[in-house]
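Structure first, then comments.
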Amino acid sequence: MMESKPFTYQSLKCVLEHMTAEIRIQLSDRCPSLRETDRATLLRIRKLKLNQLEFRINKTLFKLRMTSFDDPMIDNLAIDPYYKDTEFELDDYGIPERSFETVPLPGDIVIRRRWARRKDVETRRIEDHETTLRWFRTSRAIKNEKRLERERIQTITCEGMIAALRRRAAGVPSPYTYFIKLESRRDEYLLHTRKVYEACKYLITKLLGGRQIHVQYLDIEDLTQFEEPKTFSIGMKSAEQSAEILGILKNVPGAREQGLR
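The sequence shown runs 17 to 277 under our numbering.
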């Protein structure tokens, strides 16, 4: 019986470099003995899309969302027309926070356009929700079945928000537990002990950090924060990015001259 010889270091690097990025990441996760060689081998990504709460490597999407198994308001936030498909952080009381304030650390790359620097306005939030509730309850407009269901969901959401805001104002601990949900090939849940953007940055760093990366097409949304990779180069297709974002990337020490400098 013939025994196959193990790959030499250079042969293994050559094989790894021609694998798709998704397979490389899975292989590195499942075979710890390959990680050092894998990290030292150029990773080619056809398309990399980053934003604050999700990112896509080629066709694989990694999405982070807030959830709870016992707070009934969470389900309504997911289908309420006002909150549906809205990316938001929840505080310890289950109240959506849209301040998008981040704390950059040394070595972080922060993409944030001037118009995106906005803060959540907290004043009169309880009064605003109560006004909305009164409108739903007193409106005499003719309503079809779809509109009645929408208003029912929004009423439950408003009631939950008012209760959560009052608990927070009084310093009463929330009776619910919140989790960060990672949606990808399989769903995973982490106890909400850090901000969602921090969890997303950690995940990006775990998958891409310390690597040599070449991206053919880079798509970066506003309000994105991630750690600087070891080295990276970007193909000319990424010139479709705004001049402001490319200007930020040009100043990163690890950037190479394909499409950036």
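Backbone N, C-alpha and C fix where the C-beta goes; we use that ideal spot for every residue, glycine too.
Proximity winner among the options, relative to residue i (alpha-carbon distances)
| i | options | result |
| --- | --- | --- |
| T57 | Q26, A179, L77 | Q26 |
| K197 | H230, L80, C47, T53 | L80 |
| K222 | L32, R55, T24, F23 | R55 |
| L77 | F85, R60, E38, L50 | E38 |
| F85 | Y192, G176, T24 | Y192 |
| L234 | N74, D203, V188 | N74 |
| I178 | T148, I142, L59, D203 | I142 |
Whole-angstrom C-beta distance between residue j and residue i, which should lie under 8 Å
| i | j | result |
| --- | --- | --- |
| G110 | S44 | Between S44 and G110 the Cβ distance is about 36 Å, and since that is not below 8 Å, they are no contact. |
| Y213 | Q68 | 5 Å |
| Y194 | L106 | 6 Å |
Environment of residue i [buried if 16+ CB atoms lie within 10 Å]
| i | result |
| --- | --- |
| R182 | exposed |
| C216 | buried |
| Y205 | exposed |
| A185 | exposed |
| E165 | exposed |
| S200 | exposed |
| C174 | buried |
| V31 | exposed |
| L207 | exposed |
| F71 | buried |
| G176 | buried |
| D87 | buried |
| D101 | For D101, the predicted model reports a pLDDT of 40, less than 50, meaning its position is unreliable and no value from the coordinates is stated. |
| R40 | buried |
Three-state class that DSSP yields for residue i in the structure shown
| i | result |
| --- | --- |
| L58 | coil |
| Q170 | helix |
| R182 | helix |
| E206 | For the record, residue 206 in the displayed sequence is Leu; it is not Glu. Here L206 sits in strand by DSSP. |
| F23 | coil |
| L223 | helix |
| L28 | helix |
| P112 | strand |
| R130 | Bear in mind that the predicted position of R130 carries a pLDDT of just 45, short of 50, making it unreliable; the figure below should be weighed with that in mind. It is helical. |
| Y13 | Outside the shown range of the chain (17 to 277) lies residue 13, about which nothing can therefore be said. |
DSSP beta-bridge partners of residue i
| i | result |
| --- | --- |
| K65 | R72, D235 |
| M35 | Answer is none; M35 lacks a bridge partner. |
| K197 | R81, Y205 |
| L106 | P112 |
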